[in-house]
Structure formats: structure tokens, C-alpha cells
Amino acid sequence: MSRFLSGFFNNTPPVVKNLIIINVVLWLTTILFIRLFGTNLNFHLGLFHFQSPVFKPWQVVTHMFMHDNDRIFHLLFNMWALWMFGKVLESVWGSKRFLIYYLVTGLGAALVHSLVNYIQLAPDIMALKTAYSVNRINVTLLNEILQPGNPYYQLGRELMRPTIGASGAVYGVLLAFGVLFPNTPLYIIPIPFPIKAKWLIIGAGVISLYLGLSGQGGNVAHFAHLGGMIFGFILIKYWNRFTKNFY
Numbered sequence: 020m021s022r023f024l025s026g027f028f029n030n031t032p033p034v035v036k037n038l039i040i041i042n043v044v045l046w047l048t049t050i051l052f053i054r055l056f057g058t059n060l061n062f063h064l065g066l067f068h069f070q071s072p073v074f075k076p077w078q079v080v081t082h083m084f085m086h087d088n089d090r091i092f093h094l095l096f097n098m099w100a101l102w103m104f105g106k107v108l109e110s111v112w113g114s115k116r117f118l119i120y121y122l123v124t125g126l127g128a129a130l131v132h133s134l135v136n137y138i139q140l141a142p143d144i145m146a147l148k149t150a151y152s153v154n155r156i157n158v159t160l161l162n163e164i165l166q167p168g169n170p171y172y173q174l175g176r177e178l179m180r181p182t183i184g185a186s187g188a189v190y191g192v193l194l195a196f197g198v199l200f201p202n203t204p205l206y207i208i209p210i211p212f213p214i215k216a217k218w219l220i221i222g223a224g225v226i227s228l229y230l231g232l233s234g235q236g237g238n239v240a241h242f243a244h245l246g247g248m249i250f251g252f253i254l255i256k257y258w259n260r261f262t263k264n265f266y
């Protein structure tokens, strides 16, 4: 274990290394707070619908560093992908540019997810406000509609469901790797043959779009994945306008 940690700290560029450390520390802190204080930090730092009474502006940033305390594979997959592809990008771009890219794609993921979430819930929220003759949803109203049997119970659950995870930014990182190194062969378990990076990234985008539009895939924020990829592509194209040799 000590040899692994030594190799990790010595061979991982600083931004990727610190991003992984922050995510892991916050995941462990979330578990600790639940066990010691009965408080789930995901309900304070995760991203909520902007019309939810528990929404706070800082959640737009903090959500990308939080992960499900009950699903370690959620954290492990994101951090593995960040380490695998992010260290290459940071080595090519430099730490400052990579950090800017990572944050922009994470914020872009939040923006696209929030926009889609707003469109999906707008009719129900409008109906709720009309039914209760209110202009905004406060905590008292939210608690009322969260009672079983209330016709707006499902809406209440949606307003109390935080979006968490680094997946949006990580998908942005995957997109950047596919753009910079499109023909690099990648081996993905359980596929028994290599796939070029460009096809893997296109496939990931198509799957996220299909699952997002079809409503399949459980509670995964598929449009956040697409948002990270879209904003990453836009930022790469913007940077490419000002340099002949992008990388």
C-alpha cells in the first residue's frame, strides 16, 4: 500500500492528484458526519433544483466534489477515469489550463443538467404554485407535499434529490482526450479488443443522450455528462482559435 501511495504521489501531476484527494476526503467526511452527527453533507453540498428551498448558490461548485456515500464504485470510477486520462491532459496542457478546463466542464455539466431539470419539472411546479396560491416553494410547503398521498409527492421528491459527483467534469476530460488523441487504442473491460478513443467518446455521448431522452438509467444525471462534453468541446475550440499548435 505504501509503495502504491508513493507511486501515486510521485507520478501524478498536482491538479489531478489534489482533485482526487479532495474527492476522497469529502467522501470519507460525508460518511463520518453521517455516523457521528446523522448529517449527510450531500444534502448541503449537492446540487438541487434552483426552485427547491434547499438550493444554495455554492452547490453549483461543491456538487462536483461529492459522491454517494453508499456507492463506493461511483467514486472509484470517477477518480480512476480522472487519473487515467486527466494526468495525460495535465502533462500536455499544464496545470493551470487543465484546472480551468476541469472546472468549466463541471460548471457546464451543472448548467445543462439544471436547464433540463427546469424544463422537465416546470409544468408540475407551475401547477403546484397555482394549487397552493404561492409564488415560491418554501420548506413548509415542501414538507407538506412530501406527505404520502399528496398529489405532488413525486415532485417533492425530485426537489429534494441532490445531484452529486464529478461525472460531468470527468466526461469533459474523456472528451478532451478523445479530441487530442483520437486514434489512441483503449482497452475497456469486458470488450476483448481495443477501441480508438474517438469512437469510445462518441459512443459514451450517444449512450448518455439516449438514456437521458428515454428516462432510463436510474438516478444518473445523463444530461450532466453531455453538458461536460459540450462545454469541453466548446472550450477546446475556443482555445484552438488562438494557438496554431493546440497541444
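The numbers in the sequence shown follow this note's numbering, run straight up by one, and end at 266.
Built from N, CA and C at the ideal position, the CB exists for glycine as well.
Using CA atoms only, rank isn't needed, just tell me which of the options is closest to residue i.
{"i": "residue 70", "options": "102, 61 and 177", "result": "177"}
{"i": "residue 172", "options": "259, 154 and 147", "result": "147"}
{"i": "residue 156", "options": "50, 72 and 201", "result": "72"}
{"i": "residue 30", "options": "109, 83, 97 and 74", "result": "109"}
{"i": "residue 62", "options": "243, 183 and 202", "result": "183"}
{"i": "residue 244", "options": "208, 212, 186 and 196", "result": "186"}
{"i": "residue 113", "options": "227, 192 and 33", "result": "33"}
{"i": "residue 195", "options": "121, 59 and 51", "result": "121"}
Label residue i either buried or exposed according to how many other C-beta atoms from any shown protein chain fall within 10 Å of its C-beta, with 16 as the threshold for buried.
{"i": "residue 99", "result": "exposed"}
{"i": "residue 78", "result": "buried"}
{"i": "residue 224", "result": "buried"}
{"i": "residue 181", "result": "buried"}
{"i": "residue 216", "result": "buried"}
{"i": "residue 164", "result": "buried"}
{"i": "residue 42", "result": "buried"}
{"i": "residue 149", "result": "exposed"}
{"i": "residue 97", "result": "buried"}
{"i": "residue 261", "result": "exposed"}
{"i": "residue 92", "result": "exposed"}
{"i": "residue 234", "result": "exposed"}
{"i": "residue 152", "result": "exposed"}
Output the boundary residues of the alpha helix (DSSP H) element that contains residue i.
{"i": "residue 106", "result": "91–112"}
{"i": "residue 226", "result": "216–233"}
{"i": "residue 206", "result": "Per DSSP, residue 206 belongs to no alpha helix (DSSP H) and is neither H nor E."}
{"i": "residue 174", "result": "172–178"}
{"i": "residue 164", "result": "158–164"}
Look up residue i in the DSSP assignment and say whether it is helix, strand or coil.
{"i": "residue 49", "result": "helix"}
{"i": "residue 66", "result": "strand"}
{"i": "residue 182", "result": "strand"}
{"i": "residue 140", "result": "helix"}
{"i": "residue 239", "result": "coil"}
{"i": "residue 37", "result": "helix"}
{"i": "residue 115", "result": "helix"}
{"i": "residue 55", "result": "helix"}
{"i": "residue 123", "result": "helix"}
{"i": "residue 152", "result": "coil"}
{"i": "residue 84", "result": "helix"}
{"i": "residue 246", "result": "helix"}
{"i": "residue 60", "result": "coil"}
{"i": "residue 256", "result": "helix"}
{"i": "residue 42", "result": "helix"}
{"i": "residue 169", "result": "coil"}
Check whether chain D comes within 8 Å of residue i, counting only Cβ atoms and requiring the distance to be less than that.
{"i": "residue 75", "result": "Although the question refers to chain D, the structure presented lacks it and comprises just one protein chain."}
message = With three or more C-beta pairs closer than 8 Å as the rule, is the stretch 84–104 touching the stretch 166–180?
response = Too few Cβ pairs lie closer than 8 Å, so no.
ask   = Is there contact between the stretch 134–150 and the stretch 46–59, where contact requires at least three CB pairs shorter than 8 Å?
value = no
message = Three Cβ pairs or more, each shorter than 8 Å: is that satisfied between the stretch 132–139 and the stretch 217–224?
response = no
task = Would you check if there are 3 or more beta carbon pairs closer than 8 Å linking the stretch 113–128 to the stretch 246–253?
result = yes
request  = Count the CB pairs spanning the stretch 95–110 and the stretch 33–40 that are closer than 8 Å, and state whether there are at least three.
outcome  = Touching, yes, given that three or more Cβ pairs across the two stretches are closer than 8 Å.
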